[in-house]
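Undergrad: Sharing a structure, written as structure tokens. Questions coming.
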Amino acid sequence: MNTMMSTPLTMSILMDRGPALAPENEIVSKTRDGVHRYTYADLGRRARQLANALHRLGVGQGDRVATLAWNGYRHLEVYYAVPCMGAVLHTLNLRLSSADLEYIINHAEDSVICVDEDLLPILEKLAGKLPTVKHVIVMSNTGNFTTSFSPALDYEKLIADESTEFTWPEIDENSPMGLCYTSGTTGKPKGVMYTHRSNYIHTITGGLPDLLGLSRSDTIMAVVPMFHANAWGLPYIATMLGLKQVFPGPMMDGASVCQLIQDEKVSFTGGVPTIWLGVMNELLQNPGKYDLSSLRSMICGGSAPPRAMIDWFESNLGVDFVQAWGMTETSPLGTVTRLKPKMKDWPKEKKLDIKQRAGIYAPGLDISIVDDFGKEVAHDGVAMGRLLIRGPWIAATYYKEDPTPEKFPNGWLDTGDVATIDAEGYMAIADRSKDLVKSGGEWISSVDLENSIMAVPGVAEAAVIAVNHSKWQERPLACVVIKPGVEVSREQIYEHLEKYFAKWWMPDDIVFIESVPKTSVGKFDKKVLRHQFADYKLPTE
Ligand code: ADP
Numbered sequence: 001m002n003t004m005m006s007t008p009l010t011m012s013i014l015m016d017r018g019p020a021l022a023p024e025n026e027i028v029s030k031t032r033d034g035v036h037r038y039t040y041a042d043l044g045r046r047a048r049q050l051a052n053a054l055h056r057l058g059v060g061q062g063d064r065v066a067t068l069a070w071n072g073y074r075h076l077e078v079y080y081a082v083p084c085m086g087a088v089l090h091t092l093n094l095r096l097s098s099a100d101l102e103y104i105i106n107h108a109e110d111s112v113i114c115v116d117e118d119l120l121p122i123l124e125k126l127a128g129k130l131p132t133v134k135h136v137i138v139m140s141n142t143g144n145f146t147t148s149f150s151p152a153l154d155y156e157k158l159i160a161d162e163s164t165e166f167t168w169p170e171i172d173e174n175s176p177m178g179l180c181y182t183s184g185t186t187g188k189p190k191g192v193m194y195t196h197r198s199n200y201i202h203t204i205t206g207g208l209p210d211l212l213g214l215s216r217s218d219t220i221m222a223v224v225p226m227f228h229a230n231a232w233g234l235p236y237i238a239t240m241l242g243l244k245q246v247f248p249g250p251m252m253d254g255a256s257v258c259q260l261i262q263d264e265k266v267s268f269t270g271g272v273p274t275i276w277l278g279v280m281n282e283l284l285q286n287p288g289k290y291d292l293s294s295l296r297s298m299i300c301g302g303s304a305p306p307r308a309m310i311d312w313f314e315s316n317l318g319v320d321f322v323q324a325w326g327m328t329e330t331s332p333l334g335t336v337t338r339l340k341p342k343m344k345d346w347p348k349e350k351k352l353d354i355k356q357r358a359g360i361y362a363p364g365l366d367i368s369i370v371d372d373f374g375k376e377v378a379h380d381g382v383a384m385g386r387l388l389i390r391g392p393w394i395a396a397t398y399y400k401e402d403p404t405p406e407k408f409p410n411g412w413l414d415t416g417d418v419a420t421i422d423a424e425g426y427m428a429i430a431d432r433s434k435d436l437v438k439s440g441g442e443w444i445s446s447v448d449l450e451n452s453i454m455a456v457p458g459v460a461e462a463a464v465i466a467v468n469h470s471k472w473q474e475r476p477l478a479c480v481v482i483k484p485g486v487e488v489s490r491e492q493i494y495e496h497l498e499k500y501f502a503k504w505w506m507p508d509d510i511v512f513i514e515s516v517p518k519t520s521v522g523k524f525d526k527k528v529l530r531h532q533f534a535d536y537k538l539p540t541e
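The opening position of the sequence shown corresponds to residue 1 in the numbering used here, with each subsequent residue numbered one higher.
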């Protein structure tokens, strides 16, 4: 007999907590028309009005409701209402190509799309190509929009007369609640379907002090987009805790982010390295302009933050700059880097060595690094292996696909990343397996080389790719972007690299390029570079 309650782990329990316990706390959203403010009590009421409206439109359990939207309060209402009413929230990445968006919407069979007014042009390109979409709901601040979609509903008018009461249905905890597609850095987008159970456990665990470390005293700003990997779960964790939330809307440039942190006294924020580079540059160019003393913690993930940037934020703002690793398939929190107590008194450079790693796995998960034969490699911080992960918020298969043994070997997810784990348990990403340079059977981490090149003064960006080589199969080629108005020579870069790397790791050549191509979420798109330099003749040939 079950001796404890088997209360289903469903998202409504967590989402209703903020409005119940902190009804007066604020939710602040920057929009193109100004700043919008309301409270958790408003959020709870409007989420129920939306649920009533969607119900009236025929949205039932398991139906997919998509969003194409910036970070803002209406997006949060959809995040809240859709899973709680038993439907599935499908966040669309607004930076994807039309072809990818069309593929994803049709693959997911979305029945409704909620779209921000200024993003309508993205959707209009797909008019006539989305047979399953019955309703387009426009989230507009003015109500004065025009669109070729018919009928297109106005979000505000749609919910205005609805009741603020809605009894969330009882849902099986293994029911789907959210759908995200990988952004296709390494191929066609694939759907990851989160369940109430997986997201519930992810939400509760994610806030722990050694992970994101959030409390109800925080004011949080998710700069990481709500259209990618659920904004790392931040909207769910924040709503569960009822803490003040700040949304940047489309304004994610350095100046806007700094202003919002100052105005709303943000204490915690999260975003990808590109965002923090923008913030750092804004602060460097305008010393003394902003008061960011409210900020205590910054989470950075999605790709590896440069060491110099981690150091700059910690030394100049006195914040805890925390690196996290994860992926769409891992909900996304996998590992987070926080120093162990014994490390707090270590010299700065030694602490940075740790902070530069991707971190320790979250409680509830299990990670492993293996060689090509599936054998665990040493946790010595040097040996590289394919990173495997498993646990209750890790994908067991892709949506509408059977799990393949290559991607899901023996109950694990093969992340497609190659990593090292040190003796203290800190994992570091060495590369994506597709980006790794395989030179004569040995592995060279393109990420390590890039990070080191980006530490050379005057270098703006660096991407290292594998180029075919007749003797070694592959050798590294460094593609480097120099800051405007600065001169950096190949010799300077080689001189720098020689201090840190063995001779056989040295790039066979360095080319200077205008900019590194980026993916829809701002990561280096090495697929494009590899294609561009496919026939490049290395001088060592
Ligand atoms: P995609 O880039 O295909 O859209 P995701 O957005 O889910 O997929 O990104 C997941 C990948 O991002 C990881 O597999 C890893 O390669 C990379 N990544 C995430 N966080 C970090 C980090 N802290 N350091 C290095 N790489 C990271």
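From the three backbone atoms N, C-alpha and C, an ideal C-beta is built for every residue, glycine too.
In whole angstroms, what is the alpha-carbon distance linking residue 303 and residue 355?
TA: 14 Å
Undergrad: Output needed for residue 131: all residues of its chain with C-beta closer than 8 Å, excluding positions within five of it in sequence on either side, in chain order.
TA: 106
Undergrad: Is the stretch 239-246 close to the stretch 285-298, with three or more CB pairs under 8 Å?
TA: no
Undergrad: Given this structure, state the Cα-to-Cα distance separating residue 528 from residue 449, to the nearest angstrom.
TA: 19 Å
Undergrad: Roughly how many angstroms lie between the CA atoms of residue 195 and residue 176, to the nearest whole one?
TA: 4 Å
Undergrad: Just to check my reading of the structure: residue 360 and residue 387 have Cβ atoms closer than 8 Å, yes? What is that Cβ distance to the nearest angstrom?
TA: About 14 Å; that fails the 8 Å criterion.
Undergrad: Return helix, strand or coil for residue 279, following the three-state DSSP convention.
TA: helix
Undergrad: Buried or exposed for residue 500, please, with buried defined as at least 16 other CB atoms from any protein chain shown within 10 angstroms of its CB.
TA: exposed
Undergrad: Flag residue 417 as yes when its Cβ comes closer than 7 Å to any non-hydrogen atom of the ligand GTP, and as no otherwise.
TA: The ligand GTP is not part of the structure shown, which contains the ligand ADP as its ligands.
Undergrad: According to DSSP, residue 442 sits in a beta bridge with which residue or residues?
TA: 439
Undergrad: In chain order, what residues of the same chain lie with their CB nearer than 6 Å to the CB of residue 338, ignoring the 5 residues before and after it?
TA: Excluding positions up to five away in sequence, the list reads 210.
Undergrad: For residue 487, which residues in the same chain have their Cβ closer than 6 Å to its Cβ, ignoring the five residues on either side in sequence?
TA: None.
Undergrad: Could you round the C-beta distance between residue 320 and residue 297 to whole angstroms and report it? I think they count as a contact, below 8 Å.
TA: 5 Å
Undergrad: Suppose the cutoff is 6 Å on Cβ atoms and the five residues either side in sequence are ignored; what does the same chain contact list for residue 427 look like?
TA: So the qualifying residues of the chain are 335, 358, 419 and 421.
Undergrad: When DSSP labels each residue in this structure, what does residue 26 get in the three-state scheme?
TA: strand
Undergrad: Have a look at the DSSP bridge pairing and note the partners of residue 481.
TA: 461
Undergrad: For residue 227 versus residue 91, is the C-beta distance shorter than 8 Å?
TA: yes
Undergrad: Using the Cβ count rule (16 or more neighbours within 10 Å means buried), how would you classify residue 217?
TA: exposed
Undergrad: State whether the stretch 443-457 contacts the stretch 401-415, with contact taken as three or more CB pairs (one from each stretch) at a distance under 8 Å.
TA: no
Undergrad: Using DSSP's beta-bridge definition, name the partner residues of residue 468.
TA: 474
Undergrad: Could you check what DSSP says for residue 376 in three-state terms: helix, strand or coil?
TA: strand
Undergrad: With a CB to CB cut of under 8 Å and the five nearest residues on each side skipped, what residues in its chain are close to residue 542?
TA: Limits of the chain in this structure are 1 at one end and 541 at the other, which puts residue 542 out of reach.
Undergrad: Quick check on this structure: which residue in 113, 274 and 454 has the alpha carbon closest to the alpha carbon of residue 153?
TA: Among 113, 274 and 454, the Cα nearest to that of residue 153 belongs to 113.
Undergrad: For a test of the three-state rule: what should DSSP assign to residue 228, helix, strand or coil?
TA: coil
Undergrad: Flag residue 523 as yes when its Cβ comes closer than 7 Å to any non-hydrogen atom of the ligand ADP, and as no otherwise.
TA: yes
Undergrad: Rounded to whole angstroms, what is the Cα-Cα separation between residue 249 and residue 479?
TA: 33 Å
Undergrad: May I ask you to verify whether the stretch 43-62 touches the stretch 271-283, counting CB pairs closer than 8 Å and requiring at least 3?
TA: Result no; under three Cβ-Cβ pairs closer than 8 Å.
Undergrad: What are the start and end residues of each continuous alpha helix (DSSP H) run of 4 or more residues lying completely inside the stretch 193-218, in chain order?
TA: As far as the stretch 193-218 is concerned, its whole alpha helix (DSSP H) runs of at least 4 residues are 196-206.
Undergrad: Would residue 313 be called buried (16 or more neighbouring beta carbons within 10 Å of its own) or exposed?
TA: Taking every protein chain shown into account, the CB of residue 313 has 16 or more other CB atoms within 10 angstroms, so this residue is buried.
Undergrad: Should residue 191 and residue 108 be called a contact, given that it needs their Cβ atoms to be closer than 8 Å?
TA: yes
Undergrad: What is the DSSP secondary structure of residue 49, counted as helix, strand or coil?
TA: Look at residue 49 here: in three-state DSSP terms it is helix.
Undergrad: Check whether the Cβ of residue 302 sits closer than 7 Å to any heavy atom of the ligand ADP, and report yes or no.
TA: Answer for residue 302: yes, Cβ within range of the ligand ADP.
Undergrad: Hey, would you say the C-beta of residue 432 is under 7 Å away from at least one heavy atom of the ligand ADP?
TA: yes
Undergrad: Quick one: using the 10 Å Cβ neighbour count with 16 as the cut-off for buried, is residue 148 buried or exposed?
TA: exposed
Undergrad: Secondary structure at residue 335, three-state DSSP: helix, strand or coil?
TA: strand
Undergrad: Report, in whole angstroms, the separation of the C-beta atoms of residue 482 and residue 460, which I expect to be a contact under 8 Å.
TA: 6 Å
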